[in-house]
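Residue numbers (full-length UniProt numbering), protein chains in the order written: chain A, 1 to 300; chain B, 1 to 335.
This is the structure we're talking about:
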């Protein structure tokens, strides 16, 4: 009986927290707009085969560099025009959303899991473990992130998977640092001592007792890293080190379009716009998350 | 202050050693034979291979190789480029001023616009200026700068034909480098139109490179100002009847600048990453383009040493920022 009562109140607390979070998140109009755009993006990625009018790799030889439909010479079959080998821009952009979301999810997952493991170890044990781990993290942080990612890709070989691994490695110290700081702050609190006295082992203390209370800054950082990952992966694609043609990854599309910048503005403009809008939407969401999750900034 | 400086320097030693280790180890984890990679020769006979391995020190134990690497480093020997056969350090020093010029102009642009915008947005919190400028800052922060650069080229170089597409100065002008900074050298050369040419080449790349730091600085200045404006000493100053402009400029801004200066310092890493993209788009002959070219040409000695030099520069700049921080904020120094 008492057991169920405790569970019920847990769920109630969780509902209260979600409601409270949503209340604060909703205050931020930008964040809500960002969320809407992000949902549209997910929708585009998931239903790409249904909504894209053409196959993204199909080359229509009779329709090379067709301008968008509203411009003279545009055709209604290709709403946003075609690229230099006659592929439909709109379809490629829609399929490109799959790449960007996939990149964001993979990079952030690897970086978060790695960073949390390393940061929790460093923060929980302190001493030489902490010193060694944090010095290694300092070394990674000493390199400009894009440069280190480039060199890592040079080592691993160009390609989307390697680009994602490289970016995740470069981002991981940020999560390690945040986790470490949060764990160190929480470690000395009474509830941790209470759990330890009650007989909880180190693993349980680290991941079950302390970690859930350190999540807020990590969630905010994860959102920001999601957008940076999209930007950096697109940059690597643009430099020829990320996704390889004919992938419809937005950065790779830009790299292929570069030579036509003065002849066909649409092949350059749209992929970049897609990157900008996605990144902006996620950053807006991140701002809203920070306001809603950071108790220091909450009003009243 | 001396003590503060020494602690900071001591703290950097393990990080620097770590950087050298990464740069050294990078070639060893590349797939393939390091001798072939570093010598850049094809179809070697076994004798020649052994000779090269000995010459490059690859026949020694790993740790000894690393120590040799460090010793050579301390003598300023960073190896030779496989493509040009010139010492890497010579190439780096020849190209670095171009990147530095671009970086300095970009960071000046970002600071001179970003700080006033942030201050204004903070003291007019909630106004249309605040909303417009902070929206613009968020757009700037989210900008894929390689695309932004292409857009500016389409508009200013393509449609308006105001600016050149690439390079540092028109081919019409030639003068020996004195400072390595094209803006200064073109003035010193006394050639008519040289400065204008250098300036028109520099303007678009520096705007592109300044975009993200500008957005970050404006946002950071605004939030630092908002925090400081809520402090008791600002209220006291206002209550004393001090002119509002003086309260803002003297009492608030000086304290708000402390985190802002850190932010500006942290942008150096952003600038180095941005330089790779900016220099590629505008064919700017700096170290960013040099690095990306070397990576695609598999000129590994250059990649190895370039990585090391760039990380060292970022580290030194961060140290200088830390020291400035200590100078303007005695609380840090005495902690």
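Just so you know, even glycine gets a beta-carbon here, dropped at the ideal spot from N, CA and C.
Distance CB(residue i)-CB(residue j) smaller than 9 Å
| i | j | result |
| --- | --- | --- |
| residue 274 of chain A | residue 101 of chain A | no |
| residue 165 of chain A | residue 103 of chain A | no |
| residue 301 of chain A | residue 272 of chain A | What is shown of chain A runs 1 to 300, which leaves residue 301 of chain A out entirely. |
| residue 196 of chain B | residue 175 of chain B | no |
| residue 219 of chain A | residue 289 of chain A | yes |
| residue 243 of chain A | residue 157 of chain A | no |
| residue 115 of chain A | residue 173 of chain A | yes |
| residue 98 of chain B | residue 285 of chain B | yes |
| residue 26 of chain B | residue 304 of chain B | yes |
| residue 336 of chain B | residue 258 of chain B | With chain B covering only 1 through 335, there is no way to say anything about residue 336 of chain B. |
| residue 325 of chain B | residue 265 of chain B | yes |
| residue 114 of chain B | residue 221 of chain B | yes |
| residue 60 of chain A | residue 88 of chain A | yes |
| residue 193 of chain A | residue 283 of chain A | no |
| residue 153 of chain B | residue 282 of chain B | yes |
| residue 119 of chain A | residue 177 of chain A | yes |
| residue 296 of chain B | residue 251 of chain A | no |
| residue 71 of chain B | residue 307 of chain B | no |
| residue 175 of chain A | residue 112 of chain A | yes |
Residue i classed as buried or exposed, judged by whether at least 16 other C-beta atoms fall within 10 angstroms
| i | result |
| --- | --- |
| residue 233 of chain A | buried |
| residue 159 of chain B | exposed |
| residue 198 of chain A | exposed |
| residue 337 of chain B | Lying before the first or after the last residue shown, residue 337 of chain B is absent from chain B, which here runs from 1 to 335. |
| residue 300 of chain A | The predicted model places residue 300 of chain A with a pLDDT of 32, which falls under 50 and marks its position as unreliable; any figure quoted below should be read in that light. It counts as exposed. |
| residue 298 of chain A | Here residue 298 of chain A scores only 45 on pLDDT, less than 50, and its place in the model should not be relied on; the value that follows carries that caveat. Looking at its Cβ environment, which holds fewer than 16 other Cβ atoms inside 10 Å, residue 298 of chain A is exposed. |
| residue 118 of chain B | buried |
| residue 83 of chain A | buried |
| residue 171 of chain A | buried |
| residue 256 of chain B | buried |
| residue 148 of chain B | buried |
| residue 29 of chain B | exposed |
| residue 221 of chain A | buried |
| residue 90 of chain B | exposed |
| residue 201 of chain B | buried |
| residue 389 of chain B | Since the first residue shown for chain B is 1 and the last is 335, residue 389 of chain B is missing from the structure and cannot be characterised. |
| residue 363 of chain B | The first residue shown for chain B is 1 and the last is 335, placing residue 363 of chain B beyond what the model contains. |
| residue 183 of chain B | buried |
| residue 6 of chain B | exposed |
| residue 10 of chain A | exposed |
| residue 54 of chain B | exposed |
| residue 169 of chain A | buried |
| residue 2 of chain A | For residue 2 of chain A, the predicted structure reports a pLDDT of 49, less than 50, and the residue's modelled location is therefore unreliable. The matter cannot be settled from this model. |
| residue 259 of chain A | exposed |
| residue 98 of chain A | buried |
| residue 69 of chain B | buried |
| residue 267 of chain B | buried |
Against chain B: residues of the segment 221-238 of chain A by CB proximity under 8 Å: Here the close residues are 227, 231, 234, 235, 238.
Secondary structure, alpha helix (DSSP H): runs of 4+ residues fully inside the segment 1-36 of chain B: The DSSP assignment places 2-29 as complete runs of the alpha helix (DSSP H) inside the segment 1-36 of chain B, in order along the chain (cut-off: 4 residues).
Cβ contact (3+ pairs, closer than 8 Å) linking the segment 254-271 of chain A and the segment 60-74 of chain A: Inter-segment contact for the segment 254-271 of chain A and the segment 60-74 of chain A is present: three or more beta-carbon pairs are separated by less than 8 Å.
Stretch-stretch touch, CB-based, cutoff 8 Å, three pairs: the segment 68-79 of chain B with the segment 167-183 of chain B: With the cut-off at 8 Å, the segment 68-79 of chain B and the segment 167-183 of chain B do not touch.
Ranges of the alpha helix (DSSP H) found wholly within the segment 113-196 of chain A, counting only runs of at least 4: Look at the segment 113-196 of chain A and you find these whole runs of alpha helix (DSSP H), each 4 residues long or longer: 127-142, 145-156, 160-187.
Touch test, the segment 181-188 of chain A against the segment 131-140 of chain A, Cβ-Cβ under 8 Å, three pairs minimum: In short, these stretches do not touch, since the Cβ pair count stays below three.
Members of the segment 245-256 of chain A near chain B, C-beta cut-off 7 Å: Residues of the segment 245-256 of chain A with a Cβ closer than 7 Å to any Cβ of chain B, in chain order: 254.
Contact residues within the segment 150-179 of chain A, judged by C-beta distance below 7 Å to chain B: For the segment 150-179 of chain A, the set of residues with a beta-carbon nearer than 7 Å to any beta-carbon of chain B comprises 150, 151, 154, 155, in chain order.
Residues, ordered as in the chain, of the segment 29-50 of chain A that lie near chain B by beta-carbon distance below 7 Å: From the segment 29-50 of chain A, no residue has a Cβ closer than 7 Å to chain B.
Unbroken stretches of the alpha helix (DSSP H), 4 residues or longer, contained in the segment 163-197 of chain B: Counting whole runs of 4 or more residues, the segment 163-197 of chain B contains the alpha helix (DSSP H) stretches 182-189.
Beta strand (DSSP E) runs wholly inside the segment 78-133 of chain B, at least 3 long, in chain order: Counting only runs of 3 or more, we get nothing.
Cβ contact check for the segment 91-104 of chain B and the segment 261-275 of chain B: 3 or more pairs under 8 Å: In short, these stretches touch, since the Cβ pair count reaches three.
Interface positions of the segment 120-139 of chain A facing chain B (Cβ-Cβ less than 8 Å), listed along the chain: For the segment 120-139 of chain A, which is checked against every Cβ of chain B, the residues closer than 8 Å are 135, 136, 138, 139.
Stretch pair the segment 222-238 of chain B + the segment 246-254 of chain B: three plus CB contacts closer than 8 Å: The segment 222-238 of chain B vs the segment 246-254 of chain B: in contact.
Inter-stretch contact (C-beta, 8 Å, three-pair minimum) for the segment 109-123 of chain B and the segment 202-213 of chain A: Pairwise C-beta distances place the segment 109-123 of chain B out of contact with the segment 202-213 of chain A, as fewer than three of them are shorter than 8 Å.
The segment 310-317 of chain B touching the segment 137-151 of chain B, judged by at least three CB pairs closer than 8 Å: No: the two stretches stay apart, fewer than three of their Cβ pairs being nearer than 8 Å.
Stretch pair the segment 74-90 of chain A + the segment 36-43 of chain A: three plus CB contacts closer than 8 Å: The segment 74-90 of chain A is not in contact with the segment 36-43 of chain A.
Contact set between the segment 270-286 of chain B and chain A, restricted to residues whose Cβ is under 7 Å from the partner: Result list: 272, 273, 276, 277, 280.
Contacting positions in the segment 257-270 of chain A - beta carbon closer than 8 Å to chain B: Those would be 258, 261, 262, 265, 268, 269, in chain order.
Short-range partners of chain B found in the segment 272-293 of chain A, where Cβ spacing is below 9 Å: Cβ contacts with chain B come from 272, 273, 275, 276, 277, 278, 279, 280, 281, 282, 283, 284, 287.
Interface residues of the segment 79-113 of chain A facing chain B [CB-CB below 7 Å]: So the list is empty, because no residue satisfies the distance condition.
Cβ-based contacts, 8 Å cut-off: residues of the segment 54-71 of chain A near chain B: Residues of the segment 54-71 of chain A with a C-beta atom less than 8 Å from some C-beta of chain B do not occur.
The segment 13-31 of chain B: positions lying closer than 7 Å to chain D by Cβ: This model lacks chain D altogether; the protein chains it does include are A and B.
Interface residues of the segment 218-236 of chain B facing chain A [CB-CB below 8 Å]: Within the segment 218-236 of chain B, no residue has a Cβ that lies closer than 8 Å to any Cβ of chain A.
Members of the segment 298-330 of chain B near chain A, C-beta cut-off 7 Å: Taking 7 Å as the Cβ-Cβ cut-off, the segment 298-330 of chain B approaches chain A at 303, 307, 310, 311, 314, 315, given in chain order.
Contact list for the segment 146-157 of chain B against chain A, Cβ threshold 9 Å: Cβ contacts with chain A come from 146, 147, 148, 150, 151, 153, 154, 157.
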